[in-house]
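**Student:** Just so you know, the protein sequences line up as chains D and P, in that order. Mapping of the first sequence onto the numbering used here: residues 1 to 322, in sequence order. Mapping of the second sequence onto the numbering used here: residues 1001 to 1322, in sequence order. Backbone N, C-alpha and C define an ideal beta-carbon position, used for all residues, glycine too.
Protein chains: 2
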Amino acid sequence: MGGQSGIEIGLNAAIVGVRDGQPHILVTREGNGWDALPYGPFAPLDHRTLDIGLRNWVREQTGLELGYVEQLYTFGDRGRHAQRGDTGPHIVSVGYLALITEDPAAGPGGASFARWFGYLPWEDWRHGKPAILTDEIEPRLKRWAARPDQDDTHDLVLTRRERLRICFAMEGADWDEEKVLERYELLYEAGLAAEAKRDGREAVKFWDKLPQLGRPMQFDHRRVLATAMSRLRGKLKYRPVIFELLPDSFTLFELQKIVEAILGHHLHKQNFRRLVENAGLVEPTGDVSRQTGGRPAKLFRFRRDVLLERPSTGVRMKGGPG
Amino acid sequence: MGGQSGIEIGLNAAIVGVRDGQPHILVTREGNGWDALPYGPFAPLDHRTLDIGLRNWVREQTGLELGYVEQLYTFGDRGRHAQRGDTGPHIVSVGYLALITEDPAAGPGGASFARWFGYLPWEDWRHGKPAILTDEIEPRLKRWAARPDQDDTHDLVLTRRERLRICFAMEGADWDEEKVLERYELLYEAGLAAEAKRDGREAVKFWDKLPQLGRPMQFDHRRVLATAMSRLRGKLKYRPVIFELLPDSFTLFELQKIVEAILGHHLHKQNFRRLVENAGLVEPTGDVSRQTGGRPAKLFRFRRDVLLERPSTGVRMKGGPG
DNA sequence: GTCTATATGCTCTAATTGAGTATATAGGAG
DNA sequence: CTCCTATATACTCAATTAGAGCATATAGAC
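1. Count the other C-beta atoms from every protein chain shown that fall within 10 angstroms of the C-beta of D/Asn-32, then say buried if there are 16 or more, exposed otherwise.
2. Using a Cβ-Cβ distance cut-off of 8 Å, determine whether D/Ile-25 contacts chain P.
3. In this structure, does DSSP put D/Asp-305 in helix, strand or coil?
4. Taking D/Ala-146 as part of the alpha helix (DSSP H), name the residues at either end of that continuous run.
5. Check each candidate in P/Arg-1055, P/Leu-1267 and P/Pro-1296 and name the one with the smallest Cα separation from P/Thr-1251.
6. Rounded to the nearest angstrom, what separates D/Lys-235 and P/Gly-1293 at their Cα positions?
7. Since P/Tyr-1039 meets chain D, which of its residues come closer than 7 Å, beta carbon to beta carbon?
8. Please report how far the alpha carbon of D/Leu-275 lies from the alpha carbon of P/Gln-1218, in whole angstroms.
9. Going by Cα to Cα distance, which pick from D/Arg-78, D/Arg-126 and D/Tyr-96 is closest to P/His-1047?
10. Between D/Ala-98 and D/Tyr-68, how many whole angstroms is the CB-CB distance? I'm expecting something under 8 Å.
11. Cα-Cα, which of D/Pro-89, D/Gly-88 and D/Ala-14 is closest to D/Thr-62?
12. Got a sec, what are the start and stop residues for the beta strand (DSSP E) D/Arg-29 sits in?
13. Could you give the DSSP three-state label for D/Leu-326: helix, strand or coil?
14. Contact criterion: CB-CB distance below 8 Å. Does P/Phe-1113 meet it with respect to chain D?
15. Consult DSSP for P/Val-1204 and reduce its assignment to one of helix, strand or coil.
16. Would the stretch 116 to 126 of chain D and the stretch 206 to 223 of chain D be scored as touching if the rule is three or more Cβ pairs under 8 Å?
17. Against chain P, which members of the stretch 64 to 80 of chain D pass a CB distance test of less than 7 Å?
18. Reducing DSSP to helix, strand and coil, say where P/Gln-1256 ends up.
19. Just verifying my parser: in three-state terms, what is the DSSP assignment at P/Lys-1298?
20. Given that a residue counts as buried once 16 or more other Cβ atoms are within 10 Å of its Cβ, and exposed if not, what is D/Asp-20?
21. Can you give me the Cβ contacts of P/Val-1027 inside the same chain, cut-off strictly under 6 Å, excluding the 5 residues immediately before and after it?
22. Would P/Gly-1128 be called buried (16 or more neighbouring beta carbons within 10 Å of its own) or exposed?
23. Would D/Ile-7 be called buried (16 or more neighbouring beta carbons within 10 Å of its own) or exposed?
24. Looking at chain D, which residues of the stretch 1041 to 1061 of chain P have a Cβ within less than 7 Å of any of its Cβ atoms?
25. Between the stretch 91 to 106 of chain D and chain P, which residues of the former have CB atoms less than 8 Å from a CB of the latter, in chain order?
26. If contacts are defined as beta-carbon pairs under 8 Å, then P/Trp-1175 and P/Trp-1125 qualify, I think. What distance do you get, rounded to the angstrom?
27. Considering P/Glu-1060, what are the terminal residues of the beta strand (DSSP E) in which it resides?
28. May I ask you to report which of helix, strand or coil DSSP gives P/Thr-1251?
29. Determine the burial state of D/Pro-139: buried for a count of at least 16 other Cβ atoms within 10 Å of its Cβ, exposed for fewer.
30. Between the Cα of D/Thr-101 and the Cα atoms of D/Leu-307, D/Trp-57, D/Gly-95 and D/Val-16, which residue gives the shortest distance?
31. Apart from the five residues on each side of it in sequence, which residues of its chain come closer than 7 Å, Cβ to Cβ, to P/Arg-1161?
32. Could you give the distance in angstroms between the alpha-carbon of D/Glu-277 and the alpha-carbon of D/Glu-244?
33. Which of the three DSSP states is assigned to D/Arg-126 in this structure?
34. What number of angstroms, rounded off, separates the C-alpha of D/Met-170 from the C-alpha of D/Leu-164?
35. Buried or exposed: D/Asp-131, going by 16 or more other Cβ atoms within 10 Å of its Cβ?
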């Protein structure tokens, strides 16, 4: 079972920012074609807490001083770090989400912004249902669902078909934008993620030809990324985290565009204004922006003191027409 | 800095059940007066995933086969495991929440049910504001807030007074039932939790006499417990997890009592019925229960298939009159 | 001045929520 | 058997919120 020399804790950061209306994450490209998140092992002698360890690694690798940071999940599965071979220590990876405003383009260390939807292209519904779903994913998932659940050791009592319905909105069900992780994991389990092939998963043998379904990542980093997207999409609706992605002053439409970029779908403009304004999340700065091409838009700033008020609402709101 | 021999990952389970209208957790009492959660180190050679490791430890220590299990958070702080001394490996602890229906009284291994509110007594508002808040906690926290924030290395820019307002509803603010962890951590930081004294925290010196504010626990287990309560109280409102605590059939009032036990406050009965019923979460079994002392109550069962429907609502609902 | 594009304001309806009143049906006291 | 009490269950009503769309305001371009 390979030389087992102990446990290592890996700290991984999905550092999210929005540029040109597109959500981006900070990745390091190491030349072997597999992008990676900023990553480093937890060293308890140097790092008083996990968070501090993460911040240190990110500072070291990207020159960035993180602000908003949130722990996501700890993954300990065997077999998700196949590149390392069987010899190293077992790696337990702790995923983090960080949100930044500034554009780290100038940062050292070879880290750069990459489009988030490049890794999970089926998650962007802003221009309607992504073609990759209809053309590539759905037909293959249907074939997968038609197979018996032999090698499934899933503890849920759901059939593959039911899981497709829930995760991928297959039989008339609604698309749940928050199920990002469940979708990625299902694709991995079905052998349709490149990482599954790398890790030597059995299900891959079923496919004669594997399309590239989103850019893969090193280790289990795409899983961390999917977890980050799930969490952020959910949290948006009940905590005012979105402002961690915005500059000090912004128009309401800029705010809306950023929310849409994260959620991956369009919102109803007038209702969005109403919601944000009478949730008391923002206050006008008094200035206007004339960059809009029409009537100048009032500039707003985030009211930091809402963090002191009770169940600070965040930006809920269901989808609107395209 | 003590002999550092590596990292160990501890798996801790807050196993919750409701008995006689009181939420309980499974604890092991080891005789030294410090209760502990079922606990064991993650052994990657034996456990394919963290979850499996946790289930194994719980089975071994309590004879219980867990159903619903959910990972909570991973804590890596130095200095929260003081009993172990400085010599052992650094311990990173992964907390889990598990929900059970059956009463594990007969289980082997010395584990037993203990009242959840015995550890966090300020969280039970079902009979009005707990006296321990007014009599013990609030006056001391006010004294603590009056001190300068010298040794605070908190990354938030909130003053102690603002934090009290938010966490403990001090200056007319509302009590947020979900801030269980924040409250416990604040008490720890203020030196008011017995664990803070055990861990040699500086703030403890400020107090001449420390009252027992809830029963303490071994290691950072009370923190895990507080995290579990936070998570469960939050999740209740948007996922139908509550049914993991209920028998197969139940009356709506029994359901309500269990929700109230978890949330720690009363709900409006008629509205609760309406909500649960037209969320489609339950269906009548056809039988009735005559145990109620009045008109017999219809028995219901959880509609397992709502898990297949979209954003399965759970049991939201704000508080009602006492 | 008109056209176009965007920002912002307002209306209308349907649900949802919070609170309370009214009715139904058991067991027990007399 | 009847009344009383306790609980379950049904229904009402006002306030708020959410989804959708129409209307008006104000810039730059021609």
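**Tutor:** So, to answer that:
1. exposed
2. no
3. helix
4. 138 to 146
5. P/Pro-1296
6. 44 Å
7. Near P/Tyr-1039 there are no residues of chain D at all, since even the closest Cβ is about 16 Å away, more than 7 Å.
8. 46 Å
9. D/Arg-78
10. 6 Å
11. D/Ala-14
12. 22 to 29
13. Within the shown structure, residues of chain D are numbered from 1 to 322, placing residue 326 of chain D beyond reach of any answer.
14. no
15. helix
16. yes
17. Gln-71, Tyr-73, Thr-74, Gly-76, Asp-77 and Arg-78
18. helix
19. strand
20. exposed
21. Asp-1035 and Ala-1114
22. exposed
23. buried
24. Phe-1042, Pro-1044, Leu-1045, Arg-1048, Thr-1049 and Leu-1050
25. Val-92 and Val-94
26. 7 Å
27. First-last for P/Glu-1060: 1050 to 1062, but that is the alpha helix (DSSP H), not the beta strand (DSSP E).
28. strand
29. exposed
30. D/Val-16
31. Ala-1145
32. 18 Å
33. strand
34. 6 Å
35. Sequence inspection shows Ala at residue 131 of chain D; the Asp mentioned does not correspond to that position. D/Ala-131 is exposed by the Cβ-count criterion.
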